[in-house]
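To start, the structure under review is shown below, and the notes come after it.
In our numbering, the protein residues as written are 5 to 464.
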């Protein structure tokens, strides 16, 4: 929520809105498939830890992924014996499918999950969810790859994990350190908008969710964890790695084509200091200038290469016109996507047409400069021609930026109602509470449920 503050102070995010009385603040999901042996000790240990350390009401949800052993019976007995435990049965396998189903149906404002083997030290659970409760972050993940993490596992899994995260950093520019750690949490209001965009239903679910969240500008909090690997893990490393690489390719292609409506997620709480208007500072000008300069430098280099190639087979004026036309089309497309952040195909033809008008102005400047040079000397050196063209292009570049910003790519999102209608998807940024109607009224304080809970069922 936006707060009134001076330009020199950062607006504060609000503490998590309270849920109705009796609603748990935290819902911890444990996805399981044929875990009849480990399920009971895991749930009892987690329940004991939460009851002893977590100051608010909580729930533990067992998400059974179509188990074929006695896991459903074990889960049912635990739910009958422990009031804070519930069970959820799915008839299809897939960790991502289980998390999506349970998180989408949960009424708790903070949602988390962990693996049934409890490889992560539970002392990291409260630090994981605290930033979500306070409103500081949108998602939180445990990381085994930070310097302060303490990890015990075999070299094979260590190698695979680090290589996978290097692939994410190199291909998707991911900045989080550990995508696969089975220890994550998310605010429910964020999950309700983020989860419909996540396609994967298996092990890549985590990675896809984190990449989309990061690209949308959501805040991801990382917690160093102590981790002891489970030697009896049933995860098939080769198959999982193959599926993950397919997912990386799919997400990378979607991001490159701009087909993901990430604008719906950007700045979900509306309190990003970059959103605030400061007097006499045009919004986004500095970022656009940097992007335009980078694109302009590459375009100029591309233009000079084209001019030199065309000049070898034709006159200077024809070579200049052809080189400028080709580079102008590429320049308009690059500035459209990188400098002014226009995604999708909507308006692309109109933008290129307007870019060609700007190209015409640049052509007049550069052609006029070449004409003046040829009038001054009958056979100018090639290096002299290039120097004159660079100077003329610098003048044309300044004019091009002004025309792009004011005419070709103006920011119409706030003052042009037709802009939203022309988009292929809903561009409206998500705001906290838009879809969380059941607990958006923050008039009830979050009261600790333990250690002073007076519930007669609690023998402590």
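Glycine included, each C-beta is placed from N, C-alpha and C at the ideal position.
Given residue i, which residues of its chain have a CB within under 6 Å of its CB, disregarding the five upstream and five downstream residues?
i: residue 211; result: 183
i: residue 225; result: 135, 141, 144
i: residue 253; result: none
i: residue 157; result: 233
i: residue 314; result: 323, 326, 327
i: residue 392; result: 373, 377
i: residue 132; result: 144, 189, 227
i: residue 303; result: 331, 335
i: residue 34; result: 66, 120
i: residue 264; result: 258
i: residue 340; result: 346, 355
i: residue 77; result: none
Just to confirm my understanding: we take residue i, look at its own chain, exclude 5 residues before and 5 after, and list those with CB closer than 7 Å. What are they?
i: residue 97; result: 37, 69, 70
i: residue 3; result: The first residue shown for the chain is 5 and the last is 464, placing residue 3 beyond what the model contains.
i: residue 57; result: 130
i: residue 342; result: 295, 299
i: residue 91; result: 66, 68, 79, 80, 83
i: residue 155; result: 148, 231
i: residue 422; result: Because residue 422 carries a pLDDT of 41, less than 50, the predicted location of this residue cannot be relied on, and no value is offered for it.
i: residue 219; result: 259, 266
i: residue 369; result: 396, 399, 400
I'd like the span of the beta strand (DSSP E) that includes residue i, first residue to last.
i: residue 188; result: 187-191
i: residue 91; result: 89-94
i: residue 151; result: No beta strand (DSSP E) holds residue 151; DSSP gives it neither H nor E.
Go ahead and label residue i buried or exposed: buried means 16 or more other beta carbons lie within 10 angstroms of its beta carbon, across all protein chains shown.
i: residue 335; result: buried
i: residue 411; result: exposed
i: residue 42; result: buried
i: residue 414; result: exposed
i: residue 402; result: exposed
i: residue 110; result: buried
i: residue 293; result: exposed
i: residue 363; result: buried
i: residue 160; result: exposed
i: residue 189; result: buried
i: residue 317; result: exposed
i: residue 4; result: The shown model of the chain, from 5 to 464, leaves out residue 4, and the question about it has no answer.
i: residue 32; result: buried
i: residue 357; result: exposed
i: residue 291; result: exposed
Tell me, please, which residues DSSP counts as bridged to residue i.
i: residue 225; result: 144
i: residue 36; result: 68
i: residue 124; result: 231
i: residue 62; result: 30
Under DSSP, the alpha helix (DSSP H) around residue i begins and ends at which residues?
i: residue 168; result: 159-176
i: residue 75; result: 75-85
i: residue 45; result: 43-57
i: residue 115; result: No alpha helix (DSSP H) holds residue 115; the beta strand (DSSP E) holding it covers 114-118.
i: residue 370; result: 352-380
i: residue 289; result: 289-315
i: residue 133; result: 129-138
i: residue 329; result: 320-338
i: residue 218; result: 209-219
i: residue 347; result: Residue 347 -> no alpha helix (DSSP H), and no H or E assigned at all.
i: residue 108; result: 99-109
i: residue 205; result: Per DSSP, residue 205 belongs to no alpha helix (DSSP H) and is neither H nor E.
Comparing alpha-carbon positions, which option in the options lies nearest residue i?
i: residue 247; options: 230, 264, 228, 205; result: 205
i: residue 164; options: 243, 119, 153, 137; result: 243
i: residue 151; options: 89, 199, 227; result: 227
i: residue 385; options: 110, 320, 187; result: 320
i: residue 353; options: 364, 337, 344, 345; result: 337
i: residue 121; options: 262, 231, 201, 389; result: 231
i: residue 39; options: 67, 339, 220, 200; result: 67
i: residue 400; options: 187, 301, 126, 54; result: 301
i: residue 125; options: 139, 148, 160; result: 148
i: residue 348; options: 260, 307, 374; result: 260
i: residue 128; options: 45, 115, 153, 138; result: 153
i: residue 28; options: 389, 116, 103, 171; result: 116
i: residue 74; options: 44, 51, 84; result: 44
i: residue 371; options: 155, 357, 397, 94; result: 397
i: residue 61; options: 50, 53, 26; result: 26
i: residue 331; options: 340, 350, 310; result: 310
i: residue 174; options: 113, 52, 101, 249; result: 249
i: residue 245; options: 365, 303, 169; result: 169
i: residue 366; options: 104, 307, 172, 106; result: 307
i: residue 3; options: 187, 172, 262; result: Because the chain spans 5 through 464 in this model, residue 3 falls outside it and cannot be assessed.
Once you ignore the five residues that flank residue i on each side, which residues in its own chain have a CB closer than 8 Å to its CB?
i: residue 251; result: 204, 208, 211, 212
i: residue 49; result: 122, 126
With 8 Å set as the bound, which would you pick, yes or no: does the beta-carbon of residue i sit closer than that to a beta-carbon of chain C?
i: residue 339; result: No chain C is part of this structure, which consists of one protein chain only.
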